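Going down the list, the protein sequences come from chains A and B. The opening residue of the first sequence carries number 2 in the working numbering; numbering runs sequentially from there. The opening residue of the second sequence carries number 54 in the working numbering; numbering runs sequentially from there. Using N, Cα and C, we set each Cβ at its ideal position, and we do this for glycine too. Bear in mind that the values here come from a model prediction, so they are computed numbers and not experimental data. Below is one structure, written out as structure tokens; the observations come after it.
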Amino acid sequence: MTTLRLIPACGTLAFSVLLGACAVVSPPAPPAPPAAAAAAAAAAPVTQPPKEVMPSAAPAKAGPPSAKAPAPAAPPKAPVALAKPPAAASKPPPAIAAAPAAPPIDLKSLEVKLKESKAIGLMTKLSLKNQVDDLVAQFKAFHDGRRPPTLPELRQPYELLLMKVLSLVQDQDPGLAKALHDSRDYIWSVLSDRDKFLKNV
Amino acid sequence: MNKTAIAVLIFLGASYTAIAADDPKQRQDLTAVIALQGKPCGEVVSYVAKADNDFVASCKDGNRSRVYVKDGRVVVEKQ
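So, in structure tokens, the structure goes:
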């Protein structure tokens, strides 16, 4: 029982580190083999799948320590002890997957946010608007079939303008800067695709 | 008496203009505009407001630029 309580406490920390730590801690437990053996025997059908997982995981990291372990009763404990960490390890992936869920900002909201931002002065906003209008006019010419400005040629001024806006905004409006940075590819996809361009601009 | 009052008014007016011409936000705005247009400047250290949306900015590197709005476009002219 005590070993069962101690091990989940270990399992809440970094799993990879504790995998080795728990494997090292389990050998000193031999004094209570009867109770653990009884518990293991009772839970044998349930813990069978974890046992299959453990042999592959335990030798990988805790191979040398288990070789040093003097007690032969240690192997049955290790599967029981490490049966819970996999369940805890399955929790982090959802948290990581939930983080990049922010949708890209569309052009209209971006325009509104830039207009409302206090990070840029009035004349700077007007100057930016001029440059955006110039770039959009170049894209319009491209979509009309005129060809000095090819798509690769338009990419450079697009990136340059985006970097200008980012550099203006990033210090005083980091939220907008992040939204802008995250929408970089989305905005390019709108500008470069004829249908999307005509629909949005 | 009248001369003193006029002198005070002129002094106050001049002081107000000096303060207005040293607005750090305006300097920052002008610096950003000049940089956006790709003109050399570095940083605007002072400026003179000639009219609404019409400034002459003095830069840290010694350059002077006129920044004004014409037909909805911001124009930067090196002087």
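CA-to-CA distance, residue j to residue i, given in whole angstroms
{"i": "Lys78 (chain B)", "j": "Ser184 (chain A)", "result": "28 Å"}
{"i": "Lys207 (chain A)", "j": "Asp135 (chain A)", "result": "Because chain A here runs from 2 to 202, residue 207 (chain A) falls outside it and cannot be looked at."}
{"i": "Arg148 (chain A)", "j": "Glu96 (chain B)", "result": "38 Å"}
{"i": "Lys160 (chain B)", "j": "Val129 (chain B)", "result": "Given a span of 54 to 132 for chain B in the structure shown, any question on residue 160 (chain B) remains unanswerable."}
{"i": "Pro105 (chain A)", "j": "Leu181 (chain A)", "result": "8 Å"}
{"i": "Lys123 (chain B)", "j": "Lys130 (chain A)", "result": "14 Å"}
{"i": "Arg117 (chain B)", "j": "Glu112 (chain A)", "result": "32 Å"}
{"i": "Tyr159 (chain A)", "j": "Ile188 (chain A)", "result": "10 Å"}
{"i": "Leu155 (chain A)", "j": "Gln139 (chain A)", "result": "8 Å"}
{"i": "Lys109 (chain A)", "j": "Val109 (chain B)", "result": "34 Å"}
{"i": "Asn201 (chain A)", "j": "Asp145 (chain A)", "result": "16 Å"}
{"i": "Arg195 (chain A)", "j": "Leu161 (chain A)", "result": "22 Å"}
{"i": "Asp107 (chain B)", "j": "Tyr100 (chain B)", "result": "10 Å"}
{"i": "Gln132 (chain A)", "j": "Lys103 (chain B)", "result": "25 Å"}
{"i": "Cys112 (chain B)", "j": "Ala120 (chain A)", "result": "21 Å"}
{"i": "Pro175 (chain A)", "j": "Ser118 (chain A)", "result": "11 Å"}
{"i": "Lys165 (chain A)", "j": "Asp107 (chain A)", "result": "19 Å"}
{"i": "Leu163 (chain A)", "j": "Asp75 (chain B)", "result": "30 Å"}
{"i": "Gly115 (chain B)", "j": "Cys94 (chain B)", "result": "8 Å"}
{"i": "Arg80 (chain B)", "j": "Lys131 (chain B)", "result": "16 Å"}
Beta-carbon proximity of residue i to residue j, cut-off 7 Å
{"i": "Val170 (chain A)", "j": "Ala178 (chain A)", "result": "yes"}
{"i": "Leu89 (chain B)", "j": "Ser193 (chain A)", "result": "no"}
{"i": "Pro150 (chain A)", "j": "Phe143 (chain A)", "result": "yes"}
{"i": "Val98 (chain B)", "j": "Met124 (chain A)", "result": "no"}
{"i": "Leu83 (chain B)", "j": "Val127 (chain B)", "result": "no"}
Proximity test, residue i beta-carbon vs the ligand ZN heavy atom, cut-off 6 Å
{"i": "Met164 (chain A)", "result": "Among the ligands in the structure shown, none appear at all, so the ligand ZN cannot be discussed."}
Per-residue contacts from residue i into chain A (C-beta, under 8 Å)
{"i": "Val109 (chain B)", "result": "What Val109 (chain B) touches in chain A: nothing, since even the nearest Cβ is about 14 Å away."}
{"i": "Lys78 (chain B)", "result": "Gly122"}
{"i": "Val122 (chain B)", "result": "Met124, Leu127"}
Boundaries (first-last residue) of the alpha helix (DSSP H) holding residue i
{"i": "Glu96 (chain B)", "result": "Note, Glu96 (chain B): premise wrong, no alpha helix (DSSP H); not H, not E."}
{"i": "Val113 (chain A)", "result": "108-117"}
{"i": "Ala88 (chain B)", "result": "77-89"}
{"i": "Asp124 (chain B)", "result": "Neither: Asp124 (chain B) is in no alpha helix (DSSP H) and is coded neither H nor E."}
{"i": "Pro133 (chain A)", "result": "In the sequence as displayed, the identity of residue 133 (chain A) is Val instead of Pro. It spans 123-144 - the alpha helix (DSSP H) in which Val133 (chain A) sits, taken as one unbroken run."}
{"i": "Gln171 (chain A)", "result": "That residue, Gln171 (chain A), is in no alpha helix (DSSP H); it is neither H nor E in DSSP."}
{"i": "Ser190 (chain A)", "result": "185-193"}
Per-residue contacts from residue i into chain B (C-beta, under 8 Å)
{"i": "Gln132 (chain A)", "result": "Leu89"}
{"i": "Thr125 (chain A)", "result": "Asp82, Ala85, Val86, Leu89"}
Per-residue contacts from residue i into chain B (C-beta, under 7 Å)
{"i": "Leu169 (chain A)", "result": "Ala85"}
{"i": "Ser165 (chain A)", "result": "In the sequence as displayed, the identity of residue 165 (chain A) is Lys instead of Ser. Going along chain B in sequence order, the residues near Lys165 (chain A) (Cβ under 7 Å) are Leu89."}
Residue range of the unbroken beta strand (DSSP E) whose run includes residue i
{"i": "Val109 (chain B)", "result": "107-112"}
Partner residues on chain B for residue i, Cβ-Cβ distance less than 9 Å
{"i": "Ser118 (chain A)", "result": "Those within 9 Å of Ser118 (chain A) in chain B number zero; the least Cβ separation is about 13 Å."}
Under 7 Å by beta carbon: chain A residues contacting residue i
{"i": "Arg126 (chain B)", "result": "Asn131"}
Partners in chain A for residue i, counting only beta-carbon separations shorter than 9 Å
{"i": "Asn106 (chain B)", "result": "Leu123, Met124, Leu127"}
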